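Student: All the letters of the sequence shown, read from the start, carry residue numbers 1 to 266 under full-length UniProt numbering. Note that CB positions come from ideal geometry on N, CA and C, so glycine has one too. Since we're looking at a predicted model, the values are computed, not measured.
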Amino acid sequence: MHDFQKLRTVIVTRYITPLREGGSLPALTEADDGFKYVLKFRGAGHGVKALIAELLGGVIACKLGFKVPEVVFAELDEAFGRTEGDEEIQDLLQFSKGLNLALHFLSGALTFEPSADQDRVDEYLASKIVWLDAFITNVDRTFKNTNMLIWHKELWLIDHGASFYFHHSFTNWKQSALNPFALIKEHVLFPQATLLYEVDREFKSVLNEAFFKDLVSLIPEDWLQWREVDMTSSEIRKVYYDFLITRFKNSHLFIDEAKRIRNGSL
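1. What does a CB cutoff of less than 6 Å around PHE170 pick up in its chain, not counting 5 residues either side in sequence?
2. Here's the rule: buried if 16 or more other CB atoms are within 10 angstroms of the residue's CB, otherwise exposed. What is GLY161?
3. Starting from the N-terminal side, write out each stretch of the alpha helix (DSSP H) that is 4 residues or longer and does not extend beyond the segment 61–117.
4. Identify the continuous beta strand (DSSP E) that holds TRP156 and give its terminal residues.
5. Excluding the 5 residues flanking ARG8 on each side, which residues of the same chain have their C-beta closer than 6 Å to its C-beta?
6. How far does the alpha helix (DSSP H) with LEU253 in it reach, from first residue to last?
7. Starting from LEU195, follow the beta strand (DSSP E) in both directions and report where the run begins and ends.
8. Between the segment 124–139 and the segment 24–35, are three or more C-beta pairs nearer than 8 Å?
9. Taking Cβ positions, are LEU101 and LEU51 nearer each other than 7 Å?
10. Would you call the CB atoms of MET148 and PHE181 closer than 7 Å?
11. Could you spell out where the alpha helix (DSSP H) holding VAL121 opens and where it closes?
12. Could you give the first and the last residue of the continuous beta strand (DSSP E) run that contains TYR37?
13. Return the CA-CA distance between LEU125 and LEU56, expressed in angstroms with no decimal places.
14. Nearest to ALA116 by alpha carbon, out of VAL59, GLY47, VAL188 and GLU78?
15. Nearest-angstrom Cα distance between ARG247 and ALA177?
16. In terms of DSSP beta bridges, what is HIS187 paired with?
17. Distance check for LYS185 and PHE236, CA to CA, integer angstroms please.
18. Roughly how many angstroms lie between the CA atoms of PHE95 and THR137, to the nearest whole one?
19. At what residues does the beta strand (DSSP E) containing TRP173 begin and finish?
20. Between the Cα of ASN172 and those of TRP156, ASP242, TYR37 and ASP122, spot the shortest distance and give me the residue it belongs to.
Given below as structure tokens:
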């Protein structure tokens with residue numbers, strides 16, 4: 001049994017301020033345990049799919065040894081936000097009642113700046129992060145938006161909600177799982193990621209089918225009630241599992257793609 005199977009659930013008690021980054025409008029909040037969290041709302045643009053991506057991506061990153069803020073389930077009461085003056089935020093809160101996702105707030109953390117912080121990331125660490133993002137098809141760790149923080153002089157990974165983008169259409173998961181991920185060349189750390197083959201061997205000894213089975217079991221049942229597909233929650237959950245297994249077994253596809261790009265053969 002993995003520790004992540006004991007993901008905590010907190011109750012949101014206070015909405016502090018919106019974090020106006022991207023279109024999802026996350027917010028800084030406080031919960032009943034006294035801690036502050038960055039709350040991702042199920043009522044935002046990509047709905048529960050962004051929460052699923054955040055959950056799966058964050059837990060995989062944690063399993064692989066990266067520093068990531070604690071991921072928790074966050075319960076939003078039906079009455080929460082009724083006194084909010086901003087109509088857009090009030091609607092978001094009302095549409096998000098129930099179970100959401102939150103990440104522990106790293107107070108005082110600084111955004112990773114490629115020009116200033118690049119020397120913090122050696123070839124080995126860069127290769128590990130690029131491998132992770134290519135595996136989970138995370139399109140959002142670029143020079144424009146690094147989604148990394150420096151906290152207590154260490155590098156932390158945040159925001160995996162743009163991963164697993166196949167699930168927005170959910171039409172051909174297998175084709176998506178075998179995608180070589182040409183977007184790897186846009187990754188902010190791609191220039192340093194020269195040890196992908198070595199990292200692949202290491203990560204193949206950490207991840208396995210049992211882990212992926214446990215991982216997809218974490219997805220809350222009510223996040224899998226999709227009206228746009230004629231599938232049960234169990235069937236949707238199995239697609240995520242099959243996607244992960246297929247991509248894991250074919251990781252050479254995105255590693256070879258990175259090599260071709262680096263060699264200038266594309």
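Tutor: In short:
1. The residues are VAL229.
2. Flag for GLY161 reads buried.
3. Along the length of the segment 61–117, whole alpha helix (DSSP H) runs at least 4 residues long occupy 87–95 and 114–117, reported in chain order.
4. Counting along the chain, the unbroken beta strand (DSSP E) around TRP156 starts and ends at 154–157.
5. VAL72.
6. Annotation: the continuous alpha helix (DSSP H) that includes LEU253 extends over 252–262.
7. Where LEU195 is concerned, there is no enclosing beta strand (DSSP E), given that its DSSP letter is neither H nor E.
8. Contact check between the segment 124–139 and the segment 24–35: fewer than three CB pairs, one atom from each, fall below 8 Å, which does not count as touching.
9. In this structure, LEU51 lies closer than 7 Å to LEU101 by Cβ.
10. The Cβ-Cβ distance between MET148 and PHE181 does not fall below 7 Å.
11. No alpha helix (DSSP H) holds VAL121; DSSP gives it neither H nor E.
12. Segment 36–40, the beta strand (DSSP E) holding TYR37.
13. Roughly 21 Å between the two C-alpha positions.
14. The option with the nearest alpha carbon to ALA116 is VAL188.
15. Here the alpha carbons of ALA177 and ARG247 stand approximately 5 Å from one another.
16. DSSP, once it has assigned bridges, lists THR142 as partnering HIS187.
17. In the sequence on display, residue 236 carries Ile and not Phe. Counting only the Cα atoms, LYS185 lies some 30 Å from ILE236.
18. Looking at the two C-alpha atoms, the distance is approximately 28 Å.
19. In the DSSP assignment, TRP173 falls outside any beta strand (DSSP E) and lies within the alpha helix (DSSP H) extending over 173–177.
20. Considering only alpha carbons, the answer is ASP242.
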